[in-house]
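Read through the structure below, which is laid out as structure tokens, and then see the notes.
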Amino acid sequence: MNLWQRMTGSDLTREWTAFEARAAALPADHRAAWQQIKLHLTASHSDFTGRNLLPIADGALGLLEETAADGQSVREVLGDDIAGFCAALAGGEGAPSYRDRWRDQLNRNVARKLNRLGG
Amino acid sequence: MDGLTEMLKGTLEGCVLQIIGSEQTYGYAITRRLNELGFTDVVEGTVYTILVRLEKNGLVEVTKRPSGQGPPRKFYALNDAGRDELTTFWAKWDYVAARIDKLREGGT
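Chain order of the listed sequences is A and B. Read in order, the letters of the first sequence are residues 184 to 302 in my numbering. Read in order, the letters of the second sequence are residues 114 to 221 in my numbering.
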């Protein structure tokens, strides 16, 4: 990744376009699940750039592709808990989200102010 | 049996290790095996998240093999670290199971 890509996220756009092309080849219900997975991942587990999601999204899409080829339904594959699936995946990657960063920042600020008061 | 999800948390990883330990296998076959055992709630997505974790923790060897249709399948086998982890899992299981049995029998 070069500086231009880091600043503009152009590499991300390219990766996601490739994902969408793969998703377009899936059967309708798998495609709908992919939309759900993207939504859950980006809403709750993305860092500021979303770069942490690339390997996770790639794997999830691979799972959908494999199971679609096997002729399994989305219900058989993911059950009814797509949010839980996404949390387990992102948690397994230890991917910190923007919420974690905000929480860290808040904790640091509070600790600093408390120190100042105490000192 | 239904509704076991909560209780299985934490043990499912050991179960998957055990299945991989007995033969090199892939996600769908692992899910099927667990379903046959009576863990009907377990879906392939659940097994997939466990496999991702095992791979990340360096407990399995992964090889890709072409499948008849669709993308190549990932096959999983235990490495030495995985075998150690499996031994530890069964030791922990024996410990917990023994204590809980004792509790049920009203011992101390």
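Don't be surprised by glycine CBs; every beta carbon is placed ideally from N, CA and C.
So, does the CB of residue i fall closer than 9 Å to a CB anywhere in chain A?
{"i": "Gly116(B)", "result": "no"}
{"i": "Gln131(B)", "result": "no"}
{"i": "Arg146(B)", "result": "no"}
{"i": "Met120(B)", "result": "no"}
{"i": "Glu218(B)", "result": "no"}
{"i": "Tyr141(B)", "result": "yes"}
{"i": "Thr157(B)", "result": "The sequence given here places Glu at residue 157(B); Thr does not occur at that position. It does; some Cβ of chain A falls within 9 Å."}
{"i": "Thr138(B)", "result": "no"}
{"i": "Thr162(B)", "result": "yes"}
{"i": "Asp154(B)", "result": "yes"}
{"i": "Pro173(B)", "result": "The sequence as given places Val at residue 173(B); Pro does not occur at that position. So no, Val173(B) is outside the interface."}
{"i": "Cys128(B)", "result": "no"}
{"i": "Val165(B)", "result": "yes"}
Counting contacts by CB-CB distance shorter than 9 Å, is residue i in contact with chain B?
{"i": "Gln255(A)", "result": "yes"}
{"i": "Phe268(A)", "result": "yes"}
{"i": "Leu272(A)", "result": "yes"}
{"i": "Glu198(A)", "result": "no"}
{"i": "Gly262(A)", "result": "yes"}
What are the partner residues of residue i, as DSSP defines its beta bridges?
{"i": "Arg186(B)", "result": "Arg178(B)"}
{"i": "Thr229(B)", "result": "Any answer about residue 229(B) is impossible in this case: the structure gives chain B only from 114 up to 221."}
{"i": "Val173(B)", "result": "Leu191(B)"}
With a CB to CB cut of under 6 Å and the five nearest residues on each side skipped, what residues in its chain are close to residue i?
{"i": "Val260(A)", "result": "Thr250"}
{"i": "Leu167(B)", "result": "Val173"}
Excluding the five sequence neighbours on either side, which residues of its own chain have a C-beta within less than 8 Å of the C-beta of residue i, listed in chain order?
{"i": "Met184(A)", "result": "Asp194"}
Hey, out of the options, whose CA is closest to residue i's CA?
{"i": "Asp230(A)", "options": "Arg291(A), Val293(A) and Arg284(A)", "result": "Arg284(A)"}
{"i": "Leu179(A)", "options": "Glu198(A), Leu246(A) and Asn290(A)", "result": "Within the shown structure, residues of chain A are numbered from 184 to 302, placing residue 179(A) beyond reach of any answer."}
{"i": "Asp263(A)", "options": "Thr191(A), Ile220(A), Ala206(A) and Thr225(A)", "result": "Ile220(A)"}
{"i": "Ile265(A)", "options": "Glu157(B), Ala194(B), Gly171(B) and Val173(B)", "result": "Glu157(B)"}
{"i": "Gly134(B)", "options": "Glu174(B), Pro184(B) and Pro185(B)", "result": "Glu174(B)"}
{"i": "Leu244(A)", "options": "Pro179(B), Thr176(B), Leu172(B) and Gly183(B)", "result": "Gly183(B)"}
{"i": "Arg196(B)", "options": "Gly151(B), Asp115(B) and Leu130(B)", "result": "Leu130(B)"}
Tell me which residues of the segment 237-251 of chain A have at least one Cβ-Cβ distance to chain B shorter than 9 Å, keeping chain order. Ile239, Gly242, Ala243, Gly245, Leu246, Glu248, Glu249, Thr250 and Ala251
Members of the segment 178-206 of chain B near chain A, C-beta cut-off 8 Å: Ser180, Gln182, Gly183, Pro184 and Arg186
Looking at chain B, which residues of the segment 201-226 of chain A have a Cβ within less than 7 Å of any of its Cβ atoms? None of the residues of the segment 201-226 of chain A has a beta carbon lying less than 7 Å from any beta carbon of chain B.
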